[in-house]
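Taken in sequence, the protein lines are chains C and Z. To convert a position in the first sequence, counted from 1, into my numbering, add 219. Quick note on numbering: my numbering labels position 2 of the second sequence as -13, and the sequence is numbered without any gaps. Heads up, the beta-carbon is just placed ideally off N, CA and C, and yes, glycines get one too.
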Amino acid sequence: MQSNAAMEYDYSIVKLYMWTTVIFGIVGMLIGVIIASQLAWPQLNYMMGEYGTFSRLRPIHTNVVVYGFMISGIFVGFYYSAQRVLKVSMGESKFLMTLGYLQFFLYLIAASGMVISEAMGITTSKEYAQMEWPLDILIVVIWVIWGVIMFGLIGMRREKALYISMWYYVATFLGVAMLYLFNNMEVPTQLLSGGLGAWYHSVSMYAGTNDAMVQWWWGHNAVAFVFTVPIIALIYYFLPKESGQAVYSYKLSLLSFWGLMFIYLWAGGHHLLWSTVPDWVQTMASVFSVILILPSWGSAINMLLTMKGEWNQLTENPLIKFMVLASTFYMLSTLEGPIQAVKSVNAIAHFTDWIPGHVHDGTLGWVSFMVFATLMHSAPRVFKREIYSKSLLEAQFWIQTVGVVLYFTSMWIAGITQGMMWRAVDEYGNLMYSFIDTVNALHPYWAIRAVGGTLYFIGLLMFAYNFFMTATAGRKLETEPQFRSPMA
Amino acid sequence: MDQLSIYGYVIGSGIMVVVFYSYIVYLYRSEKRGHKDYEKYGKIALDDEIDSKPVEKGLEPVKKNKE
């Protein structure tokens, strides 16, 4: 380790992931807008042959936004903030820098392979785990490299105490590693069947209900360890740093951390309520989902109270707006999720549009807003330039907020209408509505969702332009801002 | 079997409550007795220059006592 005299943090890897965040964001959300429109106007399915159908595009949308946009954004946050809270530069170790570049290029290969293979219809058919075994192996290598870098930085640190964000990064690494390995235990068919099928094809090692339980143990914990835990790591660093206010209660952050870690892992079974899994698994998942409100709100309230006495910043600084609304959406979706996991509510909500509504108020309102704030807070420090346009950032905030509200409110109404119509029976016990009746009733809400998604996507394009201009044409800064990010 | 799972839930919930409340008590008590100051760690995010003074310094190499 070199002397820290005249040392600077090294943001080379941060910059690379910043660009993939923006590019994957545009690709993933554009596909999202297309498939939302296809649900409202089905003729849009027939524009590009098999490559343009809903069934082919939907997994690309989820995988690109989760593993392209979000994971890139999380890596931006990690490579930026981990150096700073550990007070060690990546540049102090050639080994870690080499690993950082290697991880990024392997990530590019994996992400491109993911998009191409899914566009070709090559998929394991498991939600959020569609990638076939060769890509899964590559993902494991990428993840292990990340772990080596993380623990390498921890080993070199000058700050002995690990800041709470680091706890969450470590938990993200360990949680995803464990769950990904178990859920992707798959048998390559050609290798083990004496030449049957394509070389890349595989089947799950588990069968039937067991497969479903492992799948949703992973599926829900992808929500936990990709949509939640690393995003809490981001907000615990970026909100205090941008506002200049220390986290409201460090003790509460520790308590919420352990609560979240212990409770989240048991809640995955709520995706299988009213299915063939044992009753006790369903009840346990339901109970743990409701208890999950406590640590989730513990973190969210801690974030909001961090702004205590400084609420004026909410009107003055658009980055604070993004982060405060992100915590608010975190509270909303972590209350909504447990409500949906109550068995009687789930009897109406299951398989309806309320579920994607819930997912999107979390991902658009909480995760993406935090990713935008992370990139925009880091940009002036990374590029040593002022944020290009405050008014563009403000406009993006309001357009996207309206977009999210249209999205989830339309899906709430559509979902509950759908659930009630599916269950409605006449006095003889016959179903009152056919499936197409529900489609006709829901059409206006699907159109509203497509409009909401389009607004959000317009906001994203504004962000991409603002970010590009910040990196290339923002006014140069002489000194690094301590707290509030400068913007023109 | 049903009875067992009911007892399991009650006992499990009880253990969880005890564990989490004990952790809260532990956090507050160790701060009150002066063993730990948890809130100082919140400053790590604010004062995060590479040459800032660490809130807790990394371990120094152990010096042998020559006497």
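Local conformation of residue i per DSSP, three classes
i: glutamate 605/C; result: coil
i: serine 15/Z; result: helix
i: lysine 21/Z; result: coil
i: proline 407/C; result: strand
i: methionine 220/C; result: Residue confidence for methionine 220/C is low, a pLDDT of 48 falling below 50, so the modelled location carries little weight and cannot support an answer.
i: glutamate 378/C; result: strand
i: methionine 503/C; result: helix
i: leucine 492/C; result: coil
i: lysine 306/C; result: coil
i: serine 231/C; result: helix
i: leucine 696/C; result: coil
i: valine 644/C; result: strand
i: serine 300/C; result: helix
i: lysine 470/C; result: helix
i: serine -2/Z; result: helix
i: serine 412/C; result: coil
i: lysine 42/Z; result: strand
i: leucine 511/C; result: coil
Proximity test, Cβ basis, 9 Å: residue i and chain Z
i: leucine 474/C; result: yes
i: methionine 503/C; result: yes
i: alanine 431/C; result: no
i: serine 384/C; result: yes
i: isoleucine 558/C; result: no
i: arginine 303/C; result: yes
i: phenylalanine 324/C; result: no
i: methionine 424/C; result: no
i: methionine 237/C; result: no
i: tryptophan 470/C; result: As written in the sequence, residue 470/C is lysine, which differs from the tryptophan given in the question. Judged by the 9 Å Cβ criterion, lysine 470/C is in contact with chain Z.
i: methionine 226/C; result: yes
i: isoleucine 606/C; result: no
i: tryptophan 477/C; result: yes
i: valine 466/C; result: yes
i: tryptophan 573/C; result: no
i: valine 658/C; result: no
i: glycine 648/C; result: no
i: leucine 702/C; result: Here the sequence assigns phenylalanine to residue 702/C, which means leucine is not the residue at that position. Cβ-Cβ to chain Z under 9 Å: yes for phenylalanine 702/C.
i: valine 506/C; result: yes
i: lysine 695/C; result: no
C-beta neighbour in chain C for residue i, strict 9 Å
i: valine 3/Z; result: no
i: valine -5/Z; result: no
i: tyrosine -8/Z; result: no
i: serine 73/Z; result: This structure gives no information on residue 73/Z, because the portion of chain Z shown stretches from -14 to 52.
i: glycine 27/Z; result: yes
i: isoleucine 0/Z; result: no
Among the options, nearest to residue i - alpha-carbon criterion
i: serine 421/C; options: Leu411/C, Ser608/C, Asn429/C and Thr428/C; result: Leu411/C
i: methionine 480/C; options: Gly634/C, Lys460/C, Ser515/C and Asp580/C; result: Ser515/C
i: leucine 625/C; options: Val590/C, Gln637/C, Arg604/C and Pro575/C; result: Pro575/C
i: methionine 589/C; options: Tyr455/C, Gly416/C, Glu613/C and Gln532/C; result: Tyr455/C
i: alanine 692/C; options: Thr628/C, Tyr607/C, Tyr399/C and Phe616/C; result: Tyr607/C
i: methionine 316/C; options: Gln302/C, Ala329/C and Leu327/C; result: Gln302/C
i: isoleucine 290/C; options: Tyr469/C, Arg277/C and Phe323/C; result: Phe323/C
i: glutamate 613/C; options: Ile539/C, Ser563/C and Val389/C; result: Ile539/C
i: tyrosine 388/C; options: Gly366/C, Tyr399/C and Leu398/C; result: Gly366/C
i: valine 496/C; options: Ala426/C, Leu393/C and Thr240/C; result: Ala426/C
i: methionine 248/C; options: Phe702/C, Thr582/C and Thr636/C; result: Thr582/C
i: glutamine 615/C; options: Leu679/C, Asp355/C, Ala504/C and Asn440/C; result: Leu679/C
i: valine 601/C; options: Asn521/C, Thr342/C, Arg277/C and Thr698/C; result: Thr698/C
i: tyrosine 286/C; options: Asn521/C, Thr239/C, Ala259/C and Val304/C; result: Thr239/C
i: valine 509/C; options: Glu555/C, Arg277/C, Pro700/C and Trp386/C; result: Glu555/C
Between the stretch 229 to 240 of chain C and the stretch 297 to 311 of chain C, are three or more C-beta pairs nearer than 8 Å? yes
Note down, in chain order, all residues in the stretch 436 to 460 of chain C with a beta-carbon under 8 Å from any beta-carbon belonging to chain Z. Tyr455, Tyr456, Pro459 and Lys460
Check whether the stretch 428 to 436 of chain C touches the stretch 3 to 14 of chain Z, taking contact to mean three or more Cβ pairs, one atom from each stretch, closer than 8 Å. Taking 8 Å as the limit for Cβ pairs, the verdict is that the stretch 3 to 14 of chain Z does not touch the stretch 428 to 436 of chain C.
Can you find at least 3 beta carbon pairs, one from the stretch 674 to 694 of chain C and one from the stretch 439 to 453 of chain C, that sit closer than 8 Å? No: fewer than three Cβ pairs fall under 8 Å.
Tell me which residues of the stretch 360 to 379 of chain C have at least one Cβ-Cβ distance to chain Z shorter than 7 Å, keeping chain order. So the close ones are Arg376, Arg377, Glu378 and Lys379.
Is the stretch 280 to 289 of chain C close to the stretch 333 to 348 of chain C, with three or more CB pairs under 8 Å? Taking a cut-off of 8 Å on C-beta distances, the stretch 280 to 289 of chain C touches the stretch 333 to 348 of chain C, as three or more cross pairs fall below it.
Below 8 Å, how does it come out for the stretch 397 to 416 of chain C and the stretch 457 to 466 of chain C: are there three or more Cβ pairs, yes or no? Of all C-beta pairs linking the stretch 397 to 416 of chain C to the stretch 457 to 466 of chain C, fewer than three are shorter than 8 Å, placing the two stretches out of contact.
Would you check if the stretch 231 to 246 of chain C and the stretch 585 to 603 of chain C touch, i.e. whether three or more CB-CB distances between them fall below 8 Å? yes
Positions along the stretch 12 to 24 of chain Z whose CB lies within less than 8 Å of some CB in chain C: Leu12, Tyr13, Glu16, Tyr23 and Glu24
Taking 8 Å as the cut-off, does the stretch 617 to 635 of chain C touch the stretch 652 to 672 of chain C (at least 3 CB pairs, one atom from each stretch)? Look at the beta carbons and you see the stretch 652 to 672 of chain C touching the stretch 617 to 635 of chain C: at least three pairs across the two are nearer than 8 Å.
Check whether the stretch 394 to 404 of chain C touches the stretch 320 to 335 of chain C, counting contact only when three or more Cβ pairs, one atom from each stretch, lie closer than 8 Å. no
Pairs of beta-carbons, one from the stretch 17 to 27 of chain Z and one from the stretch 491 to 499 of chain C, closer than 8 Å: are there three or more? Under the three-pair Cβ rule at 8 Å, the stretch 17 to 27 of chain Z does not count as touching the stretch 491 to 499 of chain C.
Interfacial residues, the stretch 293 to 322 of chain C to chain Z, with Cβ spacing under 7 Å: Arg303, Val304, Lys306 and Ser308
Using a Cβ distance threshold of 8 Å, determine whether the stretch 637 to 649 of chain C contacts the stretch 540 to 552 of chain C, with at least three qualifying pairs required. no
If contact means a Cβ-Cβ distance below 7 Å, which residues of the stretch 508 to 529 of chain C contact chain Z? none
Would the stretch 367 to 387 of chain C and the stretch 36 to 43 of chain Z be scored as touching if the rule is three or more Cβ pairs under 8 Å? yes
Members of the stretch 482 to 504 of chain C near chain Z, C-beta cut-off 7 Å: Trp499
Does the stretch 463 to 480 of chain C come close enough to the stretch 511 to 530 of chain C that 3 or more CB-CB pairs lie under 8 Å? yes
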